[in-house]
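Sequence order for the protein chains is A and B. Quick note on the working numbering: the first sequence kicks off at 118 and runs consecutively. Quick note on the working numbering: the second sequence kicks off at 118 and runs consecutively. Just so it is clear, CB atoms sit at the ideal spot from N, CA and C, and this is done for glycine as well. Since the structure comes first, as structure tokens, the remarks are kept for the end.
Protein chains: 2
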Amino acid sequence: MSEVAATGISVLLVDDHPIVRQGYRRVLESQGDLHVVAEADNAADAYGAFKAHDPDVVVLDISMPGASGLEAIRNIRARSPRARILVFTMHNEAVLVKAAFGAGASGFVTKSSEPSAVVHAVRSVARGERAMSDDIAHVLAEDSLSAGSALDQLGEREIEILRQFAGGATTEQIAAHLNLSVKTVQNYHYLIKSKTGARTDAQLVRLAATCGLTRI
Amino acid sequence: MSEVAATGISVLLVDDHPIVRQGYRRVLESQGDLHVVAEADNAADAYGAFKAHDPDVVVLDISMPGASGLEAIRNIRARSPRARILVFTMHNEAVLVKAAFGAGASGFVTKSSEPSAVVHAVRSVARGERAMSDDIAHVLAEDSLSAGSALDQLGEREIEILRQFAGGATTEQIAAHLNLSVKTVQNYHYLIKSKTGARTDAQLVRLAATCGLTRI
DNA sequence: TGCAGCTCGGGCAAATTTCCCAAGCCGGAT
DNA sequence: ATCCGGCTTGGGAAATTTGCCCGAGCTGCA
Numbered sequence: 118m119s120e121v122a123a124t125g126i127s128v129l130l131v132d133d134h135p136i137v138r139q140g141y142r143r144v145l146e147s148q149g150d151l152h153v154v155a156e157a158d159n160a161a162d163a164y165g166a167f168k169a170h171d172p173d174v175v176v177l178d179i180s181m182p183g184a185s186g187l188e189a190i191r192n193i194r195a196r197s198p199r200a201r202i203l204v205f206t207m208h209n210e211a212v213l214v215k216a217a218f219g220a221g222a223s224g225f226v227t228k229s230s231e232p233s234a235v236v237h238a239v240r241s242v243a244r245g246e247r248a249m250s251d252d253i254a255h256v257l258a259e260d261s262l263s264a265g266s267a268l269d270q271l272g273e274r275e276i277e278i279l280r281q282f283a284g285g286a287t288t289e290q291i292a293a294h295l296n297l298s299v300k301t302v303q304n305y306h307y308l309i310k311s312k313t314g315a316r317t318d319a320q321l322v323r324l325a326a327t328c329g330l331t332r333i
Numbered sequence: 118m119s120e121v122a123a124t125g126i127s128v129l130l131v132d133d134h135p136i137v138r139q140g141y142r143r144v145l146e147s148q149g150d151l152h153v154v155a156e157a158d159n160a161a162d163a164y165g166a167f168k169a170h171d172p173d174v175v176v177l178d179i180s181m182p183g184a185s186g187l188e189a190i191r192n193i194r195a196r197s198p199r200a201r202i203l204v205f206t207m208h209n210e211a212v213l214v215k216a217a218f219g220a221g222a223s224g225f226v227t228k229s230s231e232p233s234a235v236v237h238a239v240r241s242v243a244r245g246e247r248a249m250s251d252d253i254a255h256v257l258a259e260d261s262l263s264a265g266s267a268l269d270q271l272g273e274r275e276i277e278i279l280r281q282f283a284g285g286a287t288t289e290q291i292a293a294h295l296n297l298s299v300k301t302v303q304n305y306h307y308l309i310k311s312k313t314g315a316r317t318d319a320q321l322v323r324l325a326a327t328c329g330l331t332r333i
């Protein structure tokens, strides 16, 4: 375990964008005590890389193609409950944050955070503490006071499908990405509209956008 | 006026995520000949930074809060037609690519690209060439086979229908509001998708939003 | 005069949406 | 242990929409 513990913190980077990984790596390694020991570009590879390198901290983006990042979190935590996972994504929707912590994440930092905040979060998580960026704390605080957004009624699969749909993906693409039948995706599509009260696809996209699920 | 032209290429980074900017900066500067002379985290600041530093290349993400990145492109190009702008985003929809080039971008690279491809694109754009990543070339090629253009090729009626549709109106509501048959509205709907190249209603909404036709 | 493009809608096969239903799974309550 | 409820996954079938064909009336313009 953590063979570099005496000299620093080992990190596994999981993000589907190569240049983004490259950037994180450079930012983290410039700190001196943080070492990126492995990278993965999808949820499926994440656990293999985790097992092979046993990093102190996993830094991962939950918006990836294929199995959702939430699944990757559960996957890793189920087999290695000691794993420390720091979610690092552009999304700041309360439902996603709660889902991530519920899945076993130790921290949640948005890409809007200052690099120093991210580095700080990595160290906090490595120490076994819970960490989140200021904007996430704010979102969670707001959320706990409010009656809840329309997206709160959605399960995580529904959230994932809505995200991809609002991002412009076709039903077939979503089905292929998530390994579901087209029929299932269609049913989710209908279910999401029912739950949120959206009458048209356009309203669904607007809802997803206003809730921060997707950016336009 | 590119005062560093003899020694390298000056770059202005525009992205709303600080750590992502930090990462890009490090990746680009590790090349030796690329120098990030300024950063901006929103479209509004982008032109100010451009004017102040007159970079050889602007690398910007078009998915930002507030004014759209497309607006920033038009803004910069309108006042400095010599500007070279490389769009760097996670989106790979043909409509967005065409809108970006239509707005005056010189290049379009997705975040799925290898870092080397991004660096190469920056150099190409600096030389005044057009650049795009392989996946973008692919979606454009696909798109050109099925015809399709940008938003400004739409007629007045089509624009009006698109606006109402993207605003969340149902087909019946649009028909009633414009005193048209449902069938006619459906035909316009199809026609708009054909002309813009949008494959999905969601893509249509995104297009309308990025072009300022509707606000979300 | 003629062509081109917008506007408006019909037609019809193919696809999707809209619901309803069921089965497996899991967590929590009894 | 058992039941209940919710999530996930899909089948089925009717209703609706889509995709793409078409024609007709209108304009502007060359």
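- Message: Measuring alpha carbon to alpha carbon, tell me which residue in Val144(A), Glu156(A) and Gly284(A) is nearest Leu213(B).
- Response: The residue given as residue 213(B) occupies position 96 in the second sequence. Per the Cα distances, Gly284(A).
- Message: By the DSSP assignment, the beta strand (DSSP E) with Ile291(A) in it spans what residues?
- Response: Here residue 291(A) is taken as the residue at index 174 of the first sequence, counted from 1. Careful: Ile291(A) lies outside any beta strand (DSSP E), inside the alpha helix (DSSP H) at Thr288 to Leu295.
- May I ask you to report which of helix, strand or coil DSSP gives Ala122(B)? What you label residue 122(B) is simply residue 5 of the second sequence in a count that begins at 1. Confidence in Ala122(B) is poor, its pLDDT being 47 and thus under 50, which makes the residue's placement unreliable; the coordinate value appears in the next sentence. It is coil, neither helix nor strand.
- Item | Nearest-angstrom beta carbon gap, Phe205(B) and Val235(B) [assumed within contact, 8 angstroms] | Here residue 235(B) corresponds to residue number 118 of the second sequence, with the count starting at 1. Here residue 205(B) corresponds to residue number 88 of the second sequence, with the count starting at 1. Confirmed, Cβ separation roughly 7 angstroms.
- Looking only at C-alpha atoms, which of Arg138(A), Ser233(A) and Val144(A) sits nearest to Ala155(A)? Residue numbering aside, residue 155(A) sits at position 38 when the first sequence is read from its first letter. Closest option to Ala155(A), Cα to Cα, is Arg138(A).
- Would you decide whether Leu262(B) is buried or exposed? Buried here means 16 or more other CB atoms lie within 10 Å of its CB. Position 145 of the second sequence, counted from the first residue, corresponds to residue 262(B). Confidence at Leu262(B) is low in this model, with a pLDDT of 48, below 50, so its placement is unreliable and the value that follows should be read with caution. The residue is exposed, with fewer than 16 neighbouring Cβ atoms inside 10 Å.
- Residue range of the alpha helix (DSSP H) that Leu187(B) falls in? Numbered from 1 along the second sequence, position 70 holds the residue referred to as residue 187(B). Here the alpha helix (DSSP H) through Leu187(B) covers Gly186 to Arg196.
- Rounded C-beta distance between His134(B) and Ser229(A)? I'm assuming under 8 angstroms. Translated into the one-based positions of the second sequence, residue 134(B) becomes position 17. Translated into the one-based positions of the first sequence, residue 229(A) becomes position 112. Right, their Cβ atoms sit about 6 angstroms apart.
- Applying the criterion that 16 or more other CB atoms from any shown protein chain within 10 Å of the CB defines a buried residue, is Thr331(B) buried or exposed? The count along the second sequence starts at 1 and reaches residue 331(B) at position 214. So Thr331(B) ends up on the buried side.
- Can you tell which of Val176(B), Thr313(B), Gly149(B) and Asp162(B) has the C-alpha that lies nearest to the C-alpha of Ala243(B)? Within the second sequence, residue 243(B) is the residue found at index 126, counting from 1. Checking every option, the nearest Cα to that of Ala243(B) belongs to Val176(B).
- Closer than 8 angstroms, CB to CB, is His134(A) near chain B or not? Position 17 of the first sequence, counted from the first residue, corresponds to residue 134(A). Chain B, which has a Cβ nearer than 8 angstroms to the Cβ of His134(A), makes this yes.
- Cβ of Gly140(B) less than 8 angstroms from any chain A Cβ? Position 23 of the second sequence, counting from 1, holds the residue named residue 140(B). Answer yes: the Cβ-Cβ gap between Gly140(B) and chain A drops below 8 angstroms somewhere.
- Compare the C-alpha of Leu279(A) against each of Asp132(A), Val256(A), His294(A) and His306(A) and name the closest. The count along the first sequence starts at 1 and reaches residue 279(A) at position 162. Of the listed residues, the one whose Cα sits closest to Leu279(A) is His306(A).
- Message: As an exercise, report each continuous alpha helix (DSSP H) stretch of at least 4 residues that is fully enclosed by the stretch 212-237 of chain A, in chain order.
- Response: none
- Message: Beta carbons nearer than 8 angstroms to chain A: which residues of the stretch 235-264 of chain B have them?
- Response: Val235
- Under the rule that 16 or more other beta-carbon atoms within 10 Å means buried, what is Gln281(A), buried or exposed? Counting from one through the first sequence, the residue named residue 281(A) turns up at place 164. Buried is the call here.
- Chain-ordered chain A contacts of Ser229(B) [CB-CB under 8 angstroms]: Here the question's residue 229(B) lines up with position 112 in the second sequence. Asp133, His134 and Pro135, listed in chain order.
- Residues of chain A with a CB under 7 angstroms from the CB of Arg143(B): which are they? Indexing the second sequence from 1 puts residue 143(B) at position 26. Chain A residues near Arg143(B): Gly140, Arg143 and Val144.
- Query: Would you report the Cα separation of Glu289(A) and Ile193(A), rounded to the nearest angstrom?
  - Reply: As a working note, residue 289(A) is residue 172 in the first sequence. As a working note, residue 193(A) is residue 76 in the first sequence. Approximately 28 angstroms between the Cα atoms of the pair.
- Determine the direct distance from the alpha carbon of Gly224(B) to that of Asn304(B), and round the result to whole angstroms. Counted from its first residue, the second sequence places residue 304(B) at position 187. Counted from its first residue, the second sequence places residue 224(B) at position 107. Taking the straight line from one Cα to the other gives about 34 angstroms.
- Would you call the CB atoms of Ala220(A) and Leu187(A) closer than 8 angstroms? Working through the first sequence from its first residue, we reach residue 220(A) at position 103. Working through the first sequence from its first residue, we reach residue 187(A) at position 70. Contact flag set, yes.
- May I ask you to list, following chain order, the residues of the stretch 308-321 of chain A that have a beta carbon less than 7 angstroms from some beta carbon of chain B? Arg316, Thr317, Asp318, Ala319 and Gln320
- Query: According to DSSP, is Arg315(B) helix, strand or coil?
  - Reply: In the second sequence, the residue the question calls residue 315(B) occupies position 198. The sequence given here has Ala at residue 315(B), not Arg. Here Ala315(B) sits in coil by DSSP.
- Straight-line Cα distance separating Arg143(A) from Lys168(A): Reading the first sequence from its first residue, position 51 is the one you call residue 168(A). Reading the first sequence from its first residue, position 26 is the one you call residue 143(A). Distance between the alpha carbons of Lys168(A) and Arg143(A) is about 23 angstroms.
- At what residues does the beta strand (DSSP E) containing His152(A) begin and finish? Mapped onto the first sequence, residue 152(A) falls at position 35. Per DSSP, His152(A) belongs to the beta strand (DSSP E) from Leu151 to Ala157.
- Would you kindly work out how many angstroms separate the C-alpha atoms of Ala184(A) and Ala293(B), rounded to a whole number? Mapped onto the first sequence, residue 184(A) falls at position 67. Mapped onto the second sequence, residue 293(B) falls at position 176. Note that Ala184(A) has pLDDT 47, beneath the 50 cutoff, so the model's placement of it is unreliable and the number below is only indicative. A straight-line Cα-Cα distance of about 43 angstroms links Ala184(A) and Ala293(B).
- Taking C-beta pairs closer than 9 angstroms, name the residues in chain A that Ala283(B) reaches, listed in chain order. Counting from 1 along the second sequence, the entry for residue 283(B) is found at position 166. Residues of chain A passing the Cβ test: Ala319, Val322 and Arg323.
- Task: Hey, could you find the ends of the beta strand (DSSP E) Leu203(A) is sitting in?
- Result: Translated into positions along the first sequence, residue 203(A) becomes position 86. Here the beta strand (DSSP E) through Leu203(A) covers Ile202 to Thr206.
- Closest Cβ-Cβ distance between Ala184(A) and chain B: below 8 angstroms? In the first sequence, residue 184(A) corresponds to position 67, counting from 1. Here the model assigns Ala184(A) a pLDDT of 47, short of 50, so the residue's position is not dependable and the matter cannot be decided.
- Query: Taking C-alpha atoms, which residue in Val131(B), Ile276(B) and Leu308(B) lies nearest to Leu203(B)?
  - Reply: Taking the second sequence and counting its residues from 1, one reaches residue 203(B) at position 86. Val131(B) is the residue among Val131(B), Ile276(B) and Leu308(B) whose C-alpha sits nearest the C-alpha of Leu203(B).
- By Cβ distance below 8 angstroms, which residues in the same chain neighbour Glu275(B) in space, the five residues on each side in sequence not counted? As a working mapping, residue 275(B) is identified with position 158 in the second sequence. Short of 8 angstroms from the beta carbon of Glu275(B), and not among the five residues preceding or following it, lie these beta carbons of its own chain, in chain order: Tyr305, Leu308, Ile309 and Lys312.
- Item | Cross-chain neighbours of Thr301(A) in chain B, by beta carbon under 7 angstroms | For the purposes of this step, residue 301(A) is taken as residue 184 along the first sequence, with counting starting at 1. Under the 7 angstroms cutoff, chain B gives no residues; its nearest Cβ is about 18 angstroms from Thr301(A).
- Query: Taking the C-alpha atoms as reference points, what is the distance between Ser250(B) and Ala238(B)?
  - Reply: Numbered from 1 along the second sequence, position 133 holds the residue referred to as residue 250(B). Numbered from 1 along the second sequence, position 121 holds the residue referred to as residue 238(B). Looking at the two C-alpha atoms, the distance is approximately 8 angstroms.
- List the residues of chain B that Thr287(A) touches, going by C-beta distances under 7 angstroms, in chain order. By one-based count along the first sequence, residue 287(A) stands at place 170. Here the neighbours are Arg316 and Thr317.
- Query: Helix, strand or coil for Ser241(B) per DSSP?
  - Reply: Here residue 241(B) corresponds to residue number 124 of the second sequence, with the count starting at 1. If DSSP states are grouped into helix, strand and coil, Ser241(B) belongs with the helices.
- Item | Delimiting residues of the alpha helix (DSSP H) encompassing Ala330(A) | Residue 330(A) sits at position 213 when you count from the first residue of the first sequence. The sequence given here has Leu at residue 330(A), not Ala. DSSP places Leu330(A) in no alpha helix (DSSP H); its state is neither H nor E.
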